[in-house]
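Visitor: Residue numbers (UniProt numbering), protein chains in the order written: chain P, 1 to 398; chain D, 1 to 110. After the structure tokens below, expect a handful of questions from me.
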């Protein structure tokens, strides 16, 4: 087979076949296009303002390493005027986080960025047992909920109001799919938003790599020879998340555009949810849409495919679902359906499109009554989880 | 040396990254002398290499993390001399001496 030439420069040998459009590109053109597209996402969504201090949530993994590298490049190339800081959370998972933190420390030197590491013990201080119990649970949901808050609190310690994370298109597609399969349209809608947190929350969070394929992130890291850490977390993800992830990867194999198509479908569905977010890529000049509650951000850490459908995980998943108490939403949709059916124009009216002023109790962003962190529930997810952990501990002690 | 039945081999290097190292003795680079022909007599290709690696090089019993239903697990990228294998004919690519084949997993957290 004769080597194909890059469709862009038409001189170099093509090394990359882009999943989104099958374009064949050489190394240099691929790197340039990848960076340009992230730049487009940043400018069209007006993610940053000049002089802004931005913390990069850094795990040492491929996504956050690529994010740090690309942001440094773009900040210098396009004069964003950003002050970039690496922010890492140490969950205390031995043999995983301690090794990956070494990578982050090297990244800090390579990218000439200050690094702040925040430990769980520091945040949920004094309660060693709780920290230990969180560690033992070793579940993506626990980890995700606590880490998200930890990033916010770490940013606050640094006096920074904007945290960027390395969530990619595959992560967003996975979350869209999971929420679709759960029938949770409200959360689906919020999960597609590029920015989370609003004017009332002290820290906003965004995902500049939202439209970047995981495949291209890995290839970018490979071709730029970035230093990243890739040993699997010693804990496996919940079976459900693993299945969603496996499905996405299989779809990509058959139809590579599927991933961005799912992301776009998620954004379109978001527009159908009453009062929820508008399209997040503001290509047509509108400001980024309604902001999503921070706790609805993408969960988990996008790790391996689920291989351990263990009972413990299933039990915890069940308890979590009870804790999250979003049954209200499911009832809400059903109620809306039946209400509109009694109406005279049920043929023409899809209740979910709504906006007719009927007072649907949708989630509103407020603050947790216990810790004051932003939450769409009375009690935030982290406090719910902590309560569950404390109950478990009491049982063990008896 | 004295083995008269010794088969012709192709010298190649095989790299594993993105977490796949752990399936192959925690070692990133392996030099492999791949049989030049498959049992069917056809020249060695990528499909044959994948099967060969599972049978001869993998130290970990969890082969399903590398191969699923007889093919490379979706989410694992294959680069042939730094080029996406999709540009080279994927499983059907016939392996040449001194080729470098890289398997990189995208499945790990980041």
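From the three backbone atoms N, C-alpha and C, an ideal C-beta is built for every residue, glycine too.
Per DSSP, what are the beta-bridge partners of residue 30 of chain D in this structure?
Guide: Paired residues: D:14.
Visitor: Classify residue 33 of chain D: buried if its beta carbon has 16 or more other beta carbons within 10 angstroms, exposed otherwise.
Guide: By the neighbour-count rule (16 or more Cβ atoms within 10 Å), residue 33 of chain D is not buried but exposed.
Visitor: In whole angstroms, what is the alpha-carbon distance linking residue 343 of chain P and residue 273 of chain P?
Guide: Here residue 343 of chain P scores only 45 on pLDDT, less than 50, and its place in the model is too uncertain to base an answer on.
Visitor: In whole angstroms, what separates the C-alpha of residue 35 of chain D from that of residue 82 of chain D?
Guide: Roughly 22 Å separates the two Cα atoms.
Visitor: Taking the alpha carbon of residue 6 of chain D as the reference point, which residue from D:64, D:47, D:37, D:91 has its own alpha carbon closest?
Guide: Checked all of D:64, D:47, D:37, D:91; the closest Cα to residue 6 of chain D is D:37.
Visitor: Just to confirm my understanding: we take residue 211 of chain P, look at its own chain, exclude 5 residues before and 5 after, and list those with CB closer than 6 Å. What are they?
Guide: Same-chain partners within the cutoff: 41, 169.
Visitor: Is residue 102 of chain P close to chain D? Criterion is C-beta to C-beta, closer than 8 Å.
Guide: No, residue 102 of chain P does not count as interfacial toward chain D.
Visitor: At a CB-CB cut-off below 7 Å, which residues of chain P make contact with residue 106 of chain D?
Guide: The contacting residues are 214, 215, 218.
Visitor: Decide if residue 181 of chain P is buried, meaning its Cβ has at least 16 other Cβ atoms within 10 Å, or exposed.
Guide: That one is exposed.
Visitor: For a cutoff of 8 Å on Cβ pairs, would you count residue 151 of chain P as touching chain D?
Guide: So, not an interface residue.
Visitor: I'd like to check one pair, residue 167 of chain P with residue 207 of chain P: are the Cβ atoms closer than 8 Å?
Guide: Going by C-beta atoms, residue 207 of chain P is nearer than 8 Å to residue 167 of chain P.
Visitor: Let me know if residue 171 of chain P comes out buried or exposed under the rule of 16 or more other beta-carbons within 10 Å of its beta-carbon.
Guide: Buried, since its Cβ has 16 or more Cβ neighbours within 10 Å.
Visitor: Spatial neighbours of residue 67 of chain D within its chain, please: CB distance less than 7 Å, with the 5 preceding and 5 following residues excluded, ordered by chain position.
Guide: The answer, listed in chain order, is 50, 54, 73.
Visitor: Can you name the residues of chain P whose CB is closer than 8 Å to the CB of residue 44 of chain D?
Guide: Chain P residues near residue 44 of chain D: none, gap ~16 Å exceeds 8 Å.
Visitor: Can you say whether residue 249 of chain P is buried or exposed, counting buried as having 16 or more other CB atoms within 10 angstroms of its CB?
Guide: Looking at its Cβ environment, which holds 16 or more other Cβ atoms inside 10 Å, residue 249 of chain P is buried.
Visitor: Using three-state DSSP, classify residue 163 of chain P as helix, strand or coil.
Guide: Residue 163 of chain P: strand per DSSP, three-state reduction.
Visitor: For the candidate residues P:254, P:376, P:259, P:217, whose alpha-carbon lies nearest to that of residue 399 of chain P?
Guide: Nothing about residue 399 of chain P can be read from this structure; chain P reaches only from 1 to 398.
Visitor: Determine the chain P residues that contact residue 74 of chain D at a beta-carbon separation under 8 Å, and present them in chain order.
Guide: 246, 249, 250, 252, 253, listed in chain order.
Visitor: By the criterion of Cβ-Cβ separation under 7 Å, what are the contact partners of residue 243 of chain P in chain D?
Guide: Neighbours of residue 243 of chain P on chain D: none; closest Cβ ~13 Å, over 7 Å.
Visitor: For chain P, check one thing: does any of its Cβ atoms lie closer than 8 Å to the Cβ of residue 36 of chain D?
Guide: Closer than 8 Å: no.
Visitor: Since residue 174 of chain P and residue 264 of chain P are thought to touch, with beta carbons under 8 Å apart, how far apart are those beta carbons, to the nearest angstrom?
Guide: Not quite, the Cβ-Cβ distance comes to about 15 Å (not below 8 Å), so this is no contact.
Visitor: Compare the C-alpha of residue 94 of chain D against each of D:60, D:48, D:103 and name the closest.
Guide: Answer by Cα proximity: D:48.
Visitor: Using a beta-carbon distance below 8 Å, is residue 230 of chain P in contact with chain D?
Guide: Taking Cβ atoms only, chain D reaches closer than 8 Å to residue 230 of chain P, which makes this a yes.
Visitor: Specify the secondary structure class of residue 194 of chain P as computed by DSSP and reduced to three states.
Guide: DSSP places residue 194 of chain P in coil when its eight states are reduced to three.
Visitor: Is the Cβ of residue 90 of chain D closer than 8 Å to any Cβ of chain P?
Guide: Judged by the 8 Å Cβ criterion, residue 90 of chain D is not in contact with chain P.
Visitor: Would you please verify whether the beta carbon of residue 194 of chain P is less than 8 Å from any beta carbon of chain D?
Guide: Output row for residue 194 of chain P: interface = no.
Visitor: If we ignore side chains and look at the alpha-carbon of each, how far apart do residue 189 of chain P and residue 29 of chain D end up?
Guide: Rounded to the nearest angstrom, the two C-alpha atoms are 44 Å apart.
Visitor: What residues in the segment 4-22 of chain P bring their beta carbon closer than 8 Å to a beta carbon of chain D?
Guide: Going along the segment 4-22 of chain P in chain order, one finds 4, 13, 14, 15, 16, 17 with a Cβ nearer than 8 Å to chain D.
Visitor: Tell me the rounded alpha-carbon separation between residue 382 of chain P and residue 24 of chain P.
Guide: Whole-angstrom Cα-Cα distance: 45 Å.
Visitor: Ignoring anything shorter than 3 residues or poking outside the segment 16-103 of chain P, list the beta strand (DSSP E) runs there in chain order.
Guide: Runs of the beta strand (DSSP E) inside the segment 16-103 of chain P: 53-57, 83-90.
Visitor: Taking the CB atoms as reference points, tell me whether residue 73 of chain P and residue 228 of chain P lie closer together than 8 Å.
Guide: No. Outside cutoff.
Visitor: Within 10 angstroms of its Cβ, does residue 97 of chain D collect 16 or more other Cβ (buried), or is it exposed?
Guide: It counts as exposed.
Visitor: What is the DSSP secondary structure of residue 78 of chain D, counted as helix, strand or coil?
Guide: Residue state, collapsed to three classes: strand.
Visitor: Are the Cβ atoms of residue 104 of chain D and residue 17 of chain D separated by less than 8 Å?
Guide: A contact, by the Cβ cut-off of 8 Å.
Visitor: Residues of chain D with CB under 9 Å from residue 207 of chain P, in chain order?
Guide: Within 9 Å Cβ-Cβ: nothing; residue 207 of chain P doesn't reach chain D, min ~12 Å.
Visitor: In this structure, does DSSP put residue 57 of chain D in helix, strand or coil?
Guide: Residue 57 of chain D falls in the coil class under three-state DSSP.
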